[in-house]
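**Student:** Here it is: the structure, laid out below.
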Amino acid sequence: MIGTQCKALIRGRLGHSRLYWHRQPTSPLSVDQHAHPALFCYDALIEVFDTLDLTNRSDLATCARSVRVCQAWLVPASQALWRSDSGRSLQDLYHILRAHHSGIISVEFLTEVLRHKFHRRRDAWDLFLHYGSQIRALRRSDCDWRDDPAVVRGAETGLITSLIRRNHGHTFLPALRSAEWDEYPETRGALFSLVPPSLDTLDLTLHSSMRQKDIESFVLQLSGVIHGIHTLRMATAQNVSVVGLAYPPHLRHLSLDPYRILVDPAELQTLLSHLRLESLSVHISECHSWSAPVQVGKTLRKLSIEGGCLDLTAFVSHVHAPNLCELELFTKGAIDQMLYEPAAHRQLSAAIAGNPRLARTLRSLTLEYSTHLSPLLLGKTGPPVALFPDVLEPLVPGLASSLETLVVKYCHEAAIFTDDDVLCLAQACRTLKHLTLSLGARERELTVSTKLPTITALYHIAKYCTLLIALDIEIDDDDAKPVSPSWVADHPLRMLRLAVRSFTSPACDHLELERQVYRIFPAYFRDQDIAFVVSPNIGHTSSSYT
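In my numbering, the protein residues as written are 398 to 943.
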């Protein structure tokens, strides 16, 4: 009811106006006297605006327009807008200094702001500083595709320098905690004067035109100026060495772009020997002939690795991580490797379970099997892969009794995953709290030869995984009569994501299947998403109930 009245007030006062960035204080407006009192309560409004997804343009426009509805909405709406975790970009701030809104920045736009706008409008400058001081996360700006990005960034550097100079040498983003930044030779290190020393998270892209010595110099200056960074996501050109860089001294979480940065085991050990990382994400290569132990340090608790199946198998066999709790493995084949090899995937599972050092500490395991970087480029394959006996079965003896999180995603032309397979997995993994089993039914049309478990699998999971609180699984619709699930009446499941593939028609009885699900997991869901996907021999449709 409150949400409906919120929308009514916005439509009644503003109609369907374009996205608006507040420029000056709004005087109190007359409001609907029949509106719910909560609509003018600061705490309630904060909760309402926090539910908006500001990465969605419609929600973003709603939040921006809400600033103008009435005086009571001004502060909570603007706080939600500018302090959002989804972030604001510099172009959002620039538009305060300009008379109208534009979705992108260009050399012409930046030049206009630099030469005319913020020098003439004192009220706009004050608002610029006010809202700039509220931004917690900085997103990348969108550039005009007709301009050279390097030229645009160079022009923006001139504007940033001028703005900071007018602000007496201080940044206009003093509360910034995270930032996305593209560094070009033309930007000349503008990042260092733009962000405060307290910045803790940086998503950094070093343009391919930067040379190795330029990158080394930039990262060295980064470590000295913004010494508080603890999370760094970095992308560079290919063939750039990232091992010898002088990373920030307090860095704890490092993610290296898997599409451009490859490291071998020796480089990985060198990298980790100089850093006290708690989490690392990297693409590893040239491991298949490695035979020595791979020491990754005592502080590392989460490791996310992409690579070829043979490289991952060799790495997992030799890795020594005494405190590793989370392991994520993503198999990515070369562009000419279009055939799936279940035997190699099985060897990877066996290597994970066969490393006793992993079994002692590992609590979360993610396995995403695919041959190519893009599942859409699947080639002809052999017979269907029986997912549990062909691939996953070796995991059970070594890890099943200690895992709390298991995520398995298998991208294959044809795979078989049965109720009995789920039963074996559930009986072995009774300590699970989070479980994901996916063959990609939501992302693509599965072939008819791909077999999914049925709703019976949910009974098995509910019966044996009694600690489970989050489940993501895909099933086939069938006409089996449900069995009374009296033994799962108190199951703690709170989050359910279920994809149901139907071979009948789009008009199949979705409500009956939902009733069966609620009989299995009768607790109140905090998050529920049940999607119905029609088999390709009828056409592909999807409907979702949340």
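Glycine included, C-beta positions come from ideal geometry on N, C-alpha and C.
#1: Quick check: what's the CA-CA separation for A812 versus L836?
#2: Fully enclosed by the stretch 696 to 754, which alpha helix (DSSP H) runs are 4 residues long or longer?
#3: Can you list, in chain order, the residues of its chain with a C-beta nearer than 6 Å to that of I858? Leave out the 5 residues immediately preceding and following it.
#4: In this structure, does DSSP put I813 in helix, strand or coil?
#5: From F525, H671, R465 and Y856, pick the residue whose C-alpha is nearest to that of I557; which is it?
#6: When you compare only the Cα positions, how much space is there between F437 and E444?
#7: Quick one: give me the first and last residue of the beta strand (DSSP E) that I870 is part of.
#8: Please name the residue, chosen from G625, Y644 and L603, that lies closest to V637 on a Cα-to-Cα basis.
#9: What distance in whole Å lies between the Cβ atoms of A867 and R891, which are believed to be in contact at a cut-off of 8 Å?
#10: Decide if W542 is buried, meaning its Cβ has at least 16 other Cβ atoms within 10 Å, or exposed.
#11: Using only alpha-carbon positions, find the residue among Y439, I681 and D489 that is nearest to L457.
#12: State yes or no: is the C-beta of G621 within less than 9 Å of the C-beta of H647?
#13: Assign T584 to one of two classes, buried (16 or more other C-beta atoms within 10 Å of its C-beta) or exposed (fewer than that).
#14: If you draw a straight line from the C-alpha of P582 to the C-alpha of S605, how long is it?
#15: Between K806 and the rest of its own chain, which residues show a CB-CB distance below 6 Å, the 5 nearest in sequence each way excluded?
#16: Could you give the C-beta distance for H685 and L707, rounded to a whole number, given that I count them as a contact under 8 Å?
#17: Pop quiz: V897 and D874 are said to be a contact at Cβ under 8 Å. What is the actual Cβ separation, rounded to whole angstroms?
#18: Helix, strand or coil: how does DSSP classify I852 here?
#19: K777: buried (16+ other C-beta within 10 angstroms of its C-beta) or exposed?
#20: Please report the distance separating the alpha-carbon of V464 from that of L596.
#21: With DSSP run on the structure shown, which of helix, strand or coil describes R454?
#22: Grab the span of the alpha helix (DSSP H) containing R898 for me, first residue to last.
#23: According to the neighbour-count rule (16 or more other Cβ atoms, all chains shown, within 10 Å of its Cβ), is P739 buried or exposed?
#24: H831 and E801 - do their beta-carbons sit closer together than 9 Å?
#25: Does the count of Cβ pairs from the stretch 559 to 567 and the stretch 607 to 616 closer than 8 Å reach three?
#26: On the DSSP bridge list, what partners appear for E346?
#27: For V713, is the classification buried or exposed, using 16 other Cβ atoms within 10 angstroms of its Cβ as the cut-off for buried?
#28: When you compare each of E553, K848 and A474 to I502 by their alpha carbons, which one comes out closest?
#29: Just reading off the beta strand (DSSP E) that T600 is part of, what are its end residues?
#30: Quickly, what does DSSP pair I681 with across the bridge? List them, please.
#31: What separation, rounded to the nearest whole angstrom, lies between the Cα atoms of A838 and R743?
#32: Can you tell me whether T528 is buried or exposed? The criterion is at least 16 other CB atoms within 10 Å of its CB, across all chains shown.
#33: Decide if N752 is buried, meaning its Cβ has at least 16 other Cβ atoms within 10 Å, or exposed.
#34: Name the two residues that bound the continuous alpha helix (DSSP H) containing D447.
#35: Please list, in chain order, all residues of the same chain as S486 whose beta carbon is under 6 Å from its beta carbon, the five residues on each side excluded.
#36: Between V804 and the rest of its own chain, which residues show a CB-CB distance below 6 Å, the 5 nearest in sequence each way excluded?
**Tutor:** According to the structure shown:
#1: Residue mapping note: residue 812 aligns to position 415 of the sequence shown, counting from 1. Residue mapping note: residue 836 aligns to position 439 of the sequence shown, counting from 1. Their Cα atoms are separated by approximately 8 Å.
#2: 706 to 715 and 739 to 750
#3: The sequence position of residue 858 within the sequence shown is 461, counting from 1. Only A823 meet the Cβ criterion.
#4: The sequence position of residue 813 within the sequence shown is 416, counting from 1. Strand at I813.
#5: Residue 557 sits at position 160 when you count from the first residue of the sequence shown. Of the candidates F525, H671, R465 and Y856, the one whose C-alpha sits nearest the C-alpha of I557 is F525.
#6: Translated into positions along the sequence shown, residue 437 becomes position 40. Translated into positions along the sequence shown, residue 444 becomes position 47. Those two C-alpha atoms are separated by around 12 Å.
#7: On the sequence shown, position 473 is the one that residue 870 refers to. Counting along the chain, the beta strand (DSSP E) containing I870 begins and ends at A867 to D873.
#8: Residue numbering aside, residue 637 sits at position 240 when the sequence shown is read from its first letter. Ranking G625, Y644 and L603 by Cα distance to V637 puts L603 first.
#9: Mapped onto the sequence shown, residue 891 falls at position 494. Mapped onto the sequence shown, residue 867 falls at position 470. Confirmed, Cβ separation roughly 7 Å.
#10: Position 145 of the sequence shown, counted from the first residue, corresponds to residue 542. Classification for W542: exposed.
#11: The residue given as residue 457 occupies position 60 in the sequence shown. Checking every option, the nearest Cα to that of L457 belongs to D489.
#12: If you number the sequence shown from 1, residue 621 lands on position 224. If you number the sequence shown from 1, residue 647 lands on position 250. Judged by beta-carbon spacing, H647 lies beyond the 9 Å limit of G621, meaning their Cβ atoms are not closer than that value.
#13: As a first step, residue 584 is located in the sequence shown; it is residue number 187 there, counting from the start. By the neighbour-count rule (16 or more Cβ atoms within 10 Å), T584 is buried.
#14: For the purposes of this step, residue 582 is identified with residue 185 of the sequence shown, where counting begins at 1. For the purposes of this step, residue 605 is identified with residue 208 of the sequence shown, where counting begins at 1. Answer to the nearest angstrom: the Cα atoms are 10 Å apart.
#15: By one-based count along the sequence shown, residue 806 stands at place 409. Cβ neighbours of K806 beyond the five flanking positions: E765 and S835.
#16: Mapped onto the sequence shown, residue 685 falls at position 288. Mapped onto the sequence shown, residue 707 falls at position 310. That belief holds up - the Cβ atoms of H685 and L707 are roughly 4 Å apart, short of 8 Å.
#17: The count along the sequence shown starts at 1 and reaches residue 897 at position 500. The count along the sequence shown starts at 1 and reaches residue 874 at position 477. V897 to D874, Cβ: 5 Å. Contact.
#18: Taking the sequence shown and counting its residues from 1, the one referred to as residue 852 is at position 455. Looking at I852 - three-state DSSP - the assignment turns out to be coil, as it is neither helix nor strand.
#19: The count along the sequence shown starts at 1 and reaches residue 777 at position 380. At K777 the pLDDT is 48, less than 50, meaning the model places this residue with poor confidence; the figure from the coordinates comes in the next sentence. With fewer than 16 other Cβ atoms within 10 Å, it is exposed.
#20: For the purposes of this step, residue 464 is identified with residue 67 of the sequence shown, where counting begins at 1. For the purposes of this step, residue 596 is identified with residue 199 of the sequence shown, where counting begins at 1. Near 28 Å, if we compare the C-alpha coordinates of L596 and V464.
#21: Position 57 of the sequence shown, counted from the start, is the residue given in the question as residue 454. It is helical.
#22: Stepping through the sequence shown from its first residue, residue 898 is reached at position 501. No alpha helix (DSSP H) holds R898; the beta strand (DSSP E) holding it covers M892 to S899.
#23: For the purposes of this step, residue 739 is taken as residue 342 along the sequence shown, with counting starting at 1. It counts as buried.
#24: By 1-based counting over the sequence shown, the position of residue 801 is 404. By 1-based counting over the sequence shown, the position of residue 831 is 434. In contact: E801 and H831 (Cβ atoms closer than 9 Å).
#25: no
#26: With the chain covering 398 to 943 only, the question about residue 346 has no answer from this structure.
#27: Stepping through the sequence shown from its first residue, residue 713 is reached at position 316. The C-beta of V713 has 16 or more other C-beta atoms within 10 Å across all chains shown, which makes the residue buried.
#28: Numbered from its first residue, the sequence shown carries residue 502 at position 105. Closest by alpha carbon: E553.
#29: Here residue 600 is taken as the residue at index 203 of the sequence shown, counted from 1. In the sequence as displayed, the identity of residue 600 is Asp instead of Thr. Looking at the DSSP string, the run of the beta strand (DSSP E) that includes D600 is T598 to L603.
#30: Along the sequence shown, read from residue 1 onward, the residue named residue 681 stands at position 284. Beta-bridge pairing links I681 to V660.
#31: The sequence position of residue 838 within the sequence shown is 441, counting from 1. The sequence position of residue 743 within the sequence shown is 346, counting from 1. Computed Cα separation, rounded: 22 Å.
#32: Position 131 of the sequence shown holds residue 528. With the sequence shown as reference, residue 528 is identified as Tyr, and Thr is not the correct amino acid for it. By the 10 Å Cβ count, Y528 comes out buried.
#33: For the purposes of this step, residue 752 is identified with residue 355 of the sequence shown, where counting begins at 1. It counts as buried.
#34: What you label residue 447 is simply residue 50 of the sequence shown in a count that begins at 1. First-last of the alpha helix (DSSP H) with D447: Y439 to D447.
#35: As a working mapping, residue 486 is identified with position 89 in the sequence shown. So the list reads R536 and S538, once near-sequence residues are dropped.
#36: Along the sequence shown, read from residue 1 onward, the residue named residue 804 stands at position 407. Within the same chain, V804 has close Cβ partners T763 and T833.
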